[in-house]
Amino acid sequence: MIDLKVLRESPETVRASQRARGEDIEVVDALLAADERRRAAVARADSLRGEQKSLGKQVGKARDGERDELLARAKQLAADVKAAEGEQAVAEEALVAAHRAVPNVIIDGVPAGGEQDFAVREHVGQPSTSDFAPRDHLELGTALGLLDTERGAKVSGSRFYFLTGLGAQLQLGLLQVAVNQAVAAGFTLMIPPVLVRPEIMEGTGFLGEHATEVYRLRDDDLYLVGTSEVPLAGYHSDEILDLSAGPRRYAGWSSCFRREAGSHGKDVRGIIRVHQFDKVEMFTYCRPSEAADEHDRLLGWEEQMLAAVEVPYRVIDVAAGDLGTSAARKFDCEAWFPSQQAYRELTSTSNCTTFQARRLNIRYRDDDGRPRIAATLNGTLATTRWLVAILENHQQADGSVRVPEALRPYVGGRELLTP
RNA sequence: GGAGGAUUCGCCUAGUGGCCUAGGGCGCACGAUUGGAAAUCGUGUUGGGGUUGAUAGCCCCUCGCGGGUUCGAAUCCCGCAUCCUCCGCCA
């Protein structure tokens, strides 16, 4: 939810953000009106309640003669209060609905437009110019005995897979490298629950436009998380944090579950787009004033991981229309996929400013001692999809795969994976 | 799955329809006292919302959450959540 004070003071900022996202501007004025209505309703109910309160006290002290008259007035007032409170409840509900309809206000500098309108910040590394036709990760991985998608489909359906033998070891190694790096950087490692309550899923903003992406357990009223961002954001919900020592950083290790509804036919080969994968995710709580710097740091840690697996990539500043509800800015690192001759997302770091924290009621105590809404950010350190980039970029002409140095300890010291 | 108990201002606790504008203790903060400290004394100490130029003042809400009864609810009634104990079931 956006800050209503910002909205009241400069509605034009919010309208400009909506324009850049290519979204409806009407919702901004609807929100302004709903805010106005709610405040009027609250003021009315408050003053009636105040009257009722003082009258109620007089009834208690009244002598018999006055009592009946006072009681009659109090009864009328009680009815008035009830009506005013009803109106207040209606106005509040309408405000929440209007509030939810407005996505986060983008940060200055975010490129306007849709998926294609990203700005490239930098390129790192060179796509290899080998003289053989690159195999794709499925062919490589299957031949090397690292993964098995056929049996994944037999057991669980399409977009499921087994990581087998050294493939499983390679993933564990990758995630372990990410964990080690995060812990060295001061993150607290967390293994979170992957089933969460509706209000937590709602609070992180995933039940809006992404609702069809989320697995839901109807019998238990729980949701399977698509990323550990969800439980990590919920971790401090309804709390007032001490952020005086700087940002609080958590690294979440979890399996992630996504329905991938509406992506039929996209990335159906291999393990690029799957229903279940593993991930190490960074999550930061900080003061809003620190959020932009923290965003750069998260990007830096992602790039450090990408350097460790030695794949070429580019960094993009994602366009406003492709940001999602909660993010005010998002940087993606896209690795080169030789089989596709294209850059594909490996990491994504979002600055959600106070948007997510406002919904989840996550605050911190400011220098003046008053509670303020915190900022939240998240970013990817490693996922199953990274195996795709590793296999494809490090493949040799004979179908073997060179193991990046950082991962060798996790595959028995092997420099090369061979059939 | 069944039975019982609990949930009050950071912590402990008092409170069975109007005197609760929620009392006391601990902790914490500030001040007094002191050469400095301990002890002691004093003051303050949940959070949200509205009004406002204001982090002043005033007003409303907040006793786990949501309803209800009543002129009036921490207190009575109903539902829910969480925690604890015991029984059963599963491992």
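If you use my numbering, the first sequence corresponds to residues 510 to 928, in order. Just so you know, even glycine gets a beta-carbon here, dropped at the ideal spot from N, CA and C. In this text, all values refer to a predicted model and were calculated from it rather than measured experimentally.
Start-end ranges of the alpha helix (DSSP H) lying completely within the stretch 791–842, minimum 4 residues = 800–818
Which residues in the same chain as E560 place their Cβ atom closer than 7 Å to its Cβ, once the five residues preceding and following it in sequence are excluded?
-> Excluding positions up to five away in sequence, the list reads L586.
Identify the continuous beta strand (DSSP E) that holds I749 and give its terminal residues.
-> E748 to L750
Roughly how many angstroms lie between the CA atoms of P702 and Q690, to the nearest whole one?
-> 22 Å
Among I534, R576 and D876, which has the Cα closest to the Cα of A754?
-> D876
Could you pull out every residue in the same chain whose Cβ sits closer than 7 Å to the Cβ of M791, ignoring the five residues on either side in sequence?
-> A691, F696, R758, A760, L807, W810, N887, G888 and L890
May I have the straight-line CA-CA distance separating L1009 from S763, to the nearest angstrom?
-> Outside the shown range of the chain (510 to 928) lies residue 1009, about which nothing can therefore be said.
Of the residues G634, A652, S665 and R894, which one's Cα is nearest the Cα of L855?
-> R894
State the start and end residues of the unbroken alpha helix (DSSP H) segment that holds R530.
-> P520 to R530
Whose CA, out of V920, P918 and Q905, lies closest to the CA of F641?
-> Q905
Any chance the stretch 877–884 sits against the stretch 773–788, with 3 or more Cβ pairs inside 8 Å?
-> no
Spatial neighbours of S929 in its chain, beta-carbon cut-off 7 Å, leaving aside the 5 residues before and after = Only positions 510 to 928 of the chain appear in the structure, and residue 929 is not among them; the question remains open.
V827 beta carbon less than 8 Å from that of V839 = The question names Val, yet the displayed sequence has Lys at residue 839. Yes, Cβ-Cβ distance for K839 and V827 is below 8 Å.
Once you ignore the five residues that flank M814 on each side, which residues in its own chain have a CB closer than 8 Å to its CB?
-> Non-local beta-carbon contacts of M814 in its own chain, meaning distances under 8 Å to residues more than five positions away in sequence, involve V686, A687, Q690, T856, L890 and A891 in chain order.
Just grab the DSSP bridge partners of Y732 for me.
-> DSSP lists V705 and R725 as partners of Y732.
Under the three-state DSSP convention, the category Q850 falls into = coil
Member of E722, R706 and D657 whose CA lies at the smallest distance from the CA of E769 = E722
Proximity below 8 Å, CB of M710 to CB of V739 | Yes, they are a contact pair.
Euclidean distance between Cα positions of H608 and V789 | 32 Å
Straight-line gap, S639 to A851 (C-alpha atoms, nearest Å) = 16 Å
Which whole-angstrom value describes the C-beta separation of I534 and R524, a residue pair presumed to lie in contact below a C-beta threshold of 8 Å?
-> 5 Å
For L716, which of helix, strand or coil comes out of DSSP?
-> coil
If you draw a straight line from the C-alpha of R911 to the C-alpha of D831, how long is it?
-> 35 Å
Answer yes or no: do P847 and L653 have a C-beta to C-beta separation smaller than 8 Å?
-> no
Quick one: Cα of L672 to Cα of L741, how far?
-> 26 Å
Which residues in the same chain have their Cβ closer than 6 Å to the Cβ of V611, if we skip the five residues on either side of it in sequence?
-> I511, V536 and L540
Just the Cα atoms here: how many angstroms apart are E918 and G774?
-> Just to set this straight, residue 918 is Pro in the shown sequence, not Glu. Distance between the alpha carbons of P918 and G774: 37 Å.
Tell me, to the nearest whole angstrom, how far the beta carbon of Y822 is from that of V633; I am working on the premise that it is less than 8 Å.
-> 6 Å
Whole alpha helix (DSSP H) runs in the stretch 847–906 with 4 or more residues, listed along the chain?
-> 864–869 and 895–902
Does the distance from the C-beta atom of H646 to that of L916 stay below 8 Å?
-> Not in contact: H646 and L916 (Cβ atoms no closer than 8 Å).
Compare the beta carbon distance of V614 and S746 with 8 Å and say whether it is the shorter of the two.
-> no
What does DSSP give as the partner residues of F786 in its beta bridges?
-> C765
Sort L679, A829, R706 and L926 by Cα distance to E532 and report the nearest one.
-> A829
In three-state terms, what does DSSP make of H632?
-> For H632, the secondary structure class from DSSP, reduced to helix, strand or coil, is strand.
Spatial neighbours of A844 within its chain, please: CB distance less than 6 Å, with the 5 preceding and 5 following residues excluded, ordered by chain position.
-> For A844, the CB contacts under 6 Å within the same chain, skipping 5 residues up- and downstream, are V820, Y822, L855 and A898 in chain order.
Check the C-beta distance from P913 over to A817 and give it rounded, since I have them as a contact under 8 Å.
-> By a beta-carbon distance limit of 8 Å, P913 contacts A817. Their separation comes to about 7 Å.
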